[in-house]
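What follows is one structure encoded as structure tokens, with my remarks underneath.
Number of protein chains: 2
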Amino acid sequence: MKPLGRVVFIGAGPGAADLITVRGARRLAQAEVVLFDALTDPALRELAPQATWIDVGKRGFCDSTGQATIDAMLVHWAQRVQHVVRLKGGDPSVFGRLEEELQALAAAGVACEVVPGVTAAIAAAADTQRPLTRRGSGRSVSLSTAMTRSGSLHANPQASRRADTEVFYMAGRQLAALGRSLQAAGWPPDTAVCVVSRAGWPDRLSSDHPLAELGGAALLHAGRPAVVTVGAGAHAVARVAPPTSPAQAPLSPCGERALSAS
Amino acid sequence: MKPLGRVVFIGAGPGAADLITVRGARRLAQAEVVLFDALTDPALRELAPQATWIDVGKRGFCDSTGQATIDAMLVHWAQRVQHVVRLKGGDPSVFGRLEEELQALAAAGVACEVVPGVTAAIAAAADTQRPLTRRGSGRSVSLSTAMTRSGSLHANPQASRRADTEVFYMAGRQLAALGRSLQAAGWPPDTAVCVVSRAGWPDRLSSDHPLAELGGAALLHAGRPAVVTVGAGAHAVARVAPPTSPAQAPLSPCGERALSAS
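From first to last, the protein sequence lines stand for chains A and B. This note's numbering puts the first sequence at residues 4 to 265. This note's numbering puts the second sequence at residues 4 to 265.
Below you can see the structure in the form of structure tokens.
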């Protein structure tokens with residue numbers, strides 16, 4: 004069957020509807036059909052009230068049957084309407100399983116566009132005002148998943164530190180094991196770790212832990228999508244003395260509000 | 004001097020004005036003063052015509068004098084108006100020198116907010132339709148800079164591969180040296196490398212190179228901000244056979260348009 008339309012993949016950002024890009028919002032406004040993930044903000048529907056919205060999301064990992072069904076649905080709709088949107092939480096290119104869906108559409112001759120989005124690691128850094136890169140100490144960042152599809156921790160045969168700042172997605176269910184694994188990889192037990200759940204949302208929550216006590220974060224963030232930032236980028240920005248007139252410029256909490264739950 | 008206002012750091016995204024987030028656009032619309040970098044799209048000014056726009060950007064790295072001046076200007080304006088915006092290319096938390104500016108504002112008692120943006124690595128992946136993570140082969144991504152502040156290549160004493168996909172920012176002037184450094188770190192000479200300059204802009208340009216020939220990209224992307232993607236995420240998405248009825252669903256180029264210069 005010849006395709007009628009094309010598919011636009013849009014990164015919705017980490018959650019709250021206003022973290023989508025302007026380009027993403029404009030493409031949504033043209034959509035006839037939107038296939039969306041469970042974690043995207045329902046308020047995004049207001050950007051495309053004319054469209055048919057189809058929930059294809061699962062929390063955590065899709066199993067392969069689910070993914071094949073999504074692939075088939077994308078092709079199905081691209082053969083029937085002109086403007087199909089595939090709305091994904093975060094950014095489609097980072098742990099978004101974009102590869103599989105692009106392959107299925109290529110095989111069916113469907114043209115695609117990808118509109119990038121704000122990925123969770125970056126949203127967590129913004130919420131907590133903790134830059135992922137730092138002068139001198141933080142010149143590299145790694146993004147990885149802590150878990151396999153079956154929900155167990157990835158074995159890391161190299162067991163090495165990957166970067167000055169490491170961010171783990173989908174780590175919520177394995178925090179204690181992740182902490183042990185990172186220590187085995189050479190991170191000291193007192194390494195700073197910052198856990199942020201529901202980054203980008205009004206009810207986001209962040210907490211600080213030394214690596215050896217990371218398991219203690221599990222209860223606080225239970226059932227909430229979380230990212231775990233380890234190393235240079237996990238530290239609160241150091242207070243420095245004001246450049247002029249300390250009496251008139253007291254040390255004051257730039258960002259303190261964002262560091263606690265809001 | 005007591006602060007009157009607050010500073011909102013906004014990630015403008017990689018370039019084109021419509022890759023800013025909706026939240027970022029709304030904050031800009033409230034700005035009285037905007038301090039912006041050279042690489043941001045002039046069209047963003049239309050989002051804040053009421054504001055005074057001050058160019059504080061330099062291409063590549065600021066020297067320390069420049070950074071201290073920016074810090075002082077942020078404090079100066081926060082003491083005089085209510086809504087100050089610091090607009091940065093890409094995302095403020097990733098190679099955005101956010102740490103220094105947050106420190107200066109904290110020292111002066113100025114409240115801050117950080118609105119995340121689309122970072123260049125992700126924009127390049129969207130443009131080329133090459134996901135940074137891949138099923139099986141690409142489960143980690145690293146972001147780093149290829150160059151020191153003085154413009155020479157970072158020495159990497161560990162010389163190890165950091166992740167399945169490695170993305171380098173600000174590598175345009177040192178492509179041949181970066182290629183040699185990555186081979187010394189263990190990447191095979193035929194590793195896939197994708198170079199994208201002006202990601203997110205209409206005149207973006209991408210090119211493919213085996214790692215051993217990365218130096219050949221220098222002329223093509225000369226003078227244009229570029230990101231270099233190495234490894235799993237640098238490959239074009241593999242064509243697969245269509246799931247049903249090959250005669251009716253010929254192998255067709257999903258994304259081919261974006262893979263060449265547009």
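The C-beta atom is built at its ideal place from N, Cα and C for all residues, glycine as well.
Is residue i near residue j, with beta carbons less than 9 Å apart?
| i | j | result |
| --- | --- | --- |
| residue 14 of chain B | residue 69 of chain B | no |
| residue 9 of chain A | residue 81 of chain A | yes |
| residue 218 of chain A | residue 179 of chain A | yes |
| residue 88 of chain A | residue 36 of chain A | yes |
| residue 143 of chain A | residue 147 of chain B | yes |
| residue 40 of chain A | residue 204 of chain A | no |
| residue 166 of chain B | residue 149 of chain B | no |
| residue 38 of chain A | residue 4 of chain A | no |
| residue 199 of chain A | residue 223 of chain A | no |
| residue 145 of chain B | residue 168 of chain B | yes |
Which residues in the same chain as residue i place their Cβ atom closer than 8 Å to its Cβ, once the five residues preceding and following it in sequence are excluded?
| i | result |
| --- | --- |
| residue 119 of chain B | 14, 24, 94, 95, 96 |
| residue 208 of chain A | 199, 200, 201, 223, 224, 227, 264 |
| residue 101 of chain B | 12, 91, 95, 117 |
Out of curiosity, what's the CA-to-CA distance linking residue i and residue j?
| i | j | result |
| --- | --- | --- |
| residue 7 of chain A | residue 113 of chain A | 8 Å |
| residue 210 of chain A | residue 137 of chain B | 30 Å |
| residue 129 of chain B | residue 190 of chain B | 24 Å |
| residue 226 of chain A | residue 84 of chain A | 37 Å |
| residue 32 of chain A | residue 185 of chain B | 44 Å |
| residue 71 of chain B | residue 108 of chain B | 12 Å |
| residue 164 of chain A | residue 141 of chain B | 17 Å |
| residue 242 of chain A | residue 183 of chain A | 31 Å |
| residue 126 of chain B | residue 228 of chain A | 24 Å |
| residue 11 of chain B | residue 60 of chain B | 17 Å |
| residue 135 of chain A | residue 49 of chain B | 30 Å |
| residue 188 of chain A | residue 188 of chain B | 19 Å |
| residue 27 of chain A | residue 28 of chain B | 13 Å |
| residue 181 of chain B | residue 52 of chain B | 42 Å |
| residue 206 of chain B | residue 206 of chain A | 39 Å |
| residue 139 of chain B | residue 139 of chain A | 33 Å |
Residues in its own chain within less than 6 Å of residue i by CB, not counting five upstream and five downstream?
| i | result |
| --- | --- |
| residue 213 of chain B | 193 |
| residue 196 of chain B | 212, 214, 217, 233, 237 |
| residue 22 of chain B | 16, 121, 203 |
So the beta strand (DSSP E) residue i belongs to, where does it begin and stop?
| i | result |
| --- | --- |
| residue 234 of chain A | 229-234 |
| residue 143 of chain A | 143-148 |
| residue 13 of chain B | 9-14 |
| residue 209 of chain B | 208-213 |
| residue 195 of chain A | 195-200 |
| residue 102 of chain B | Not the beta strand (DSSP E): residue 102 of chain B falls in the alpha helix (DSSP H), residues 101-110. |
| residue 89 of chain B | 86-91 |
| residue 117 of chain B | 115-118 |
| residue 55 of chain B | 55-58 |
| residue 168 of chain B | 168-172 |
Under 7 Å Cβ to Cβ from residue i, same chain only, skipping five residues before and after it: list those, please.
| i | result |
| --- | --- |
| residue 105 of chain A | 115 |
| residue 123 of chain A | 17, 93, 172, 202, 230 |
| residue 20 of chain B | 44, 46, 47 |
| residue 98 of chain A | 148, 172 |
| residue 56 of chain A | 37, 39, 48 |
| residue 86 of chain A | 8, 33, 34, 35 |
| residue 30 of chain A | 11, 13, 88, 118 |
What is the C-beta distance between residue i and residue j, in whole angstroms, given that I count them as a contact (C-beta under 8 Å)?
| i | j | result |
| --- | --- | --- |
| residue 133 of chain A | residue 239 of chain A | 6 Å |
| residue 78 of chain A | residue 111 of chain A | 4 Å |
| residue 74 of chain A | residue 103 of chain A | 6 Å |
What residue range does the alpha helix (DSSP H) around residue i cover?
| i | result |
| --- | --- |
| residue 125 of chain B | 123-131 |
| residue 25 of chain A | 25-32 |
| residue 38 of chain B | Segment 36-39 is the beta strand (DSSP E) holding residue 38 of chain B; no alpha helix (DSSP H) there. |
| residue 1 of chain A | For chain A, the structure presents residues 4 to 265; residue 1 of chain A sits outside this window and is missing. |
Can you confirm whether residue i, when its beta carbon is compared against all beta carbons of chain E, has any partner nearer than 9 Å?
| i | result |
| --- | --- |
| residue 44 of chain B | Looking at the structure shown, chain E is missing, and the protein chains on hand are A and B. |
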